[in-house]
Amino acid sequence: MADYHKMWEGLGMDLATHDQLCAALPPAFEQVFLTQKDRPQGMDYFNMVIAEVHGLRIQELLEHKARGGKIIGSFCIYVPEEIVLALGGIMVGLCAGSEFWVPAGEQVLPRSLCPLIKAGIGAKVSRTCPYFQSVDLVVGENTCDGKKKAWEVLGDIAPTYVMDLPNTKSSAGFALFRRSMADLVAKLEEVTGNRLTFDGLLSAIETVDRKRAVLQRLYETRKAPKVPISGLDMLLASQVAFYDDADRFVSQATALAEECEERIKTGKAIFPGGTKRLLVTGTPIVVPNWKVHKIIETSGAVVVVEENCTGTRYFESRVDKSGASTVEELVDAISHRYFDRIHCACFTPNEGRADDVVRLASEYGADGVVGLNLSFCTTYQVENEKLRKRLQSEGIPFLALETDYASGDEGQLRTRIEAFVESLGR
Ligand code: BJ8
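The opening position of the sequence shown corresponds to residue 4 in the numbering used here, with each subsequent residue numbered one higher.
Below you can see the structure in the form of structure tokens.
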């Protein structure tokens with residue numbers, strides 16, 4: 004990697020602490036990913052993206068800013084990237100999957116909080132995330148209690164806007180969501196200095212749809228009896244989708260999908276016959292959190308699908324723009340896509356998620372379901388009970404796990420996962 008210290012210094016980063024983070028990532032990546040056998044060649048691109056995660060992409064974002072473009076950060080898939088793109092902005096998912104940032108987060112937040120929130124805020128507090136240092140605005144959202152209160156803390160140290168979200172999927176809930184969408188459009192128009200146009204928004208919808216379509220195409224290959232790509236590699240590709248250039252991502256992911264499809268034709272499998280197939284559902288798995296996938300895939304099983312916000316919830320549905328002839332109608336269509344089709348446990352009730360888990364388990368031929376939730380995520384933990392009952396009624400084995408980003412519980416997780424996988428063979 005080139006020397007980016009000057010760029011990082013210009014972003015006001017804590018260089019000494021950031022150097023420690025940069026030193027820790029390559030060996031962790033090597034141990035998790037490069038020890039896998041028969042990885043598709045198309046993964047080389049994604050390896051490179053991670054190697055350059057704080058370098059090349061940041062340089063591109065800064066070039067975009069130098070041309071007058073804005074960078075918008077987000078922590079949730081309810082924040083519509085189509086609108087950011089249509090206004091000449093670039094949206095980046097502010098990765099909050101590293102234990103490295105948790106202690107800094109705990110300086111300003113309670114310890115008994117979800118690690119995703121602590122790491123997210125900790126990345127800003129410690130000034131060690133060049134994405135956070137580059138953003139012109141963070142769009143937070145009123146989803147879980149932890150996040151909605153954390154935005155108040157973040158607002159003191161970073162430009163923050165909070166999207167108000169309802170918590171029921173009712174018509175009143177949709178009306179609130181649609182109003183919030185209009186408010187967000189106004190805010191983003193103010194920040195970017197641009198106005199939404201019909202053609203601009205249509206083109207942005209098509210760009211984001213292409214990204215979602217290629218993720219769907221990649222996921223489809225995991226339905227094959229001989230899985231052509233590991234869950235770990237697919238997880239990495241999905242994580243990269245949240246901050247890579249959209250067109251480049253589509254072209255690289257398309258090449259990877261073609262390679263996986265070719266593997267299916269030739270019957271090339273990367274796991275031995277009889278490997279158990281698991282669906283993982285629950286809270287988002289953001290970069291560089293690869294912990295549980297690694298344990299699963301070294302415990303006699305393969306992850307074939309993720310029902311979460313870094314998996315199917317992100318890409319399964321498209322914006323139905325048919326019949327729209329005005330900007331307002333396109334924003335209506337976007338609002339429906341997000342509100343109707345994303346089933347987050349912050350909503351009550353949230354039956355759509357259990358329906359999706361059952362459907363996906365069947366489509367992907369899963370032998371069992373792992374409910375993987377981050378510690379202190381109350382909404383998803385509570386929802387586990389209804390999910391467990393539903394899966395039991397469908398005859399689908401279920402294992403509920405709760406964990407954070409630290410490595411201390413890896414042995415215990417492995418014991419439970421191995422026992423679960425073994426039970427699937429009976
Ligand atoms: S749409 S899942 S991305 S809110 S931060 S809820 S893990 S306690 S991230 Fe989410 Fe949007 Fe919903 Fe998806 Fe729990 Fe942690 Fe809260 Fe979390």
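Note that CB positions come from ideal geometry on N, CA and C, so glycine has one too.
- Within the DSSP secondary-structure output, K73 pairs in a beta bridge with G92.
- Our two residues, I75 and Y134, have alpha carbons roughly 10 angstroms apart in a direct line.
- Distance from the CA atom of G45 to the CA atom of T195, rounded to whole angstroms, is 35 angstroms.
- Take the alpha-carbon of A19 and the one of L282: they are about 40 angstroms apart.
- For N50, the enclosing alpha helix (DSSP H) stretches over residues 46 to 54.
- Within the chosen limit of 7 angstroms, the ligand BJ8 reaches the beta carbon of G149 through at least one heavy atom.
- Under the DSSP assignment, M10 falls in the alpha helix (DSSP H) whose first and last residues are 8 to 13.
- Going by DSSP, M237 is part of the alpha helix (DSSP H) stretching over 234 to 243.
- The distance from the Cβ of P231 to that of C263 is about 4 angstroms, consistent with a contact at the 8 angstroms cut-off.
- The continuous beta strand (DSSP E) containing V165 extends over residues 163 to 166.
- Checking the 7 angstroms criterion, the Cβ of T406 is out of range of every heavy atom belonging to the ligand BJ8.
- For V142, the enclosing beta strand (DSSP E) starts and ends at 140 to 144.
- A240 counts as buried, since at least 16 other C-beta atoms from the protein chains shown sit within 10 angstroms of its C-beta.
- Counting C-beta pairs with one atom in each stretch, the region 82 to 90 and the region 197 to 204 have three or more that are closer than 8 angstroms, which means they touch.
- In the three-state reduction of the DSSP assignment, R280 falls in the strand class.
- Not a single heavy atom of the ligand BJ8 lies less than 7 angstroms from the C-beta of Y7.
- A distance below 6 angstroms between beta-carbons, with the five flanking residues on each side excluded, links L375 to the following residues of its chain, in chain order: V283, G285, V295, L404.
- A straight-line Cα-Cα distance of about 32 angstroms links C117 and K226.
- Distance from the C-beta of L97 to the nearest heavy atom of the ligand BJ8 is not below 7 angstroms.
- Excluding its 5 nearest sequence neighbours in each direction, Q62 has C-beta neighbours in its own chain below 7 angstroms: M10, listed in chain order.
- A422 counts as exposed, since fewer than 16 other C-beta atoms from the protein chains shown sit within 10 angstroms of its C-beta.
- The criterion of a C-beta distance shorter than 8 angstroms is satisfied by L65 and S137.
- In this structure, V141 sits away from T171, with a CB-CB distance that is not shorter than 8 angstroms.
- Taking the CA atoms as reference points, I208 sits about 13 angstroms from Y341.
- Only buried fits T382, as 16 or more other CB atoms lie within 10 angstroms of its CB.
- In this structure, the beta-carbon distance from A256 to L218 falls below 8 angstroms.
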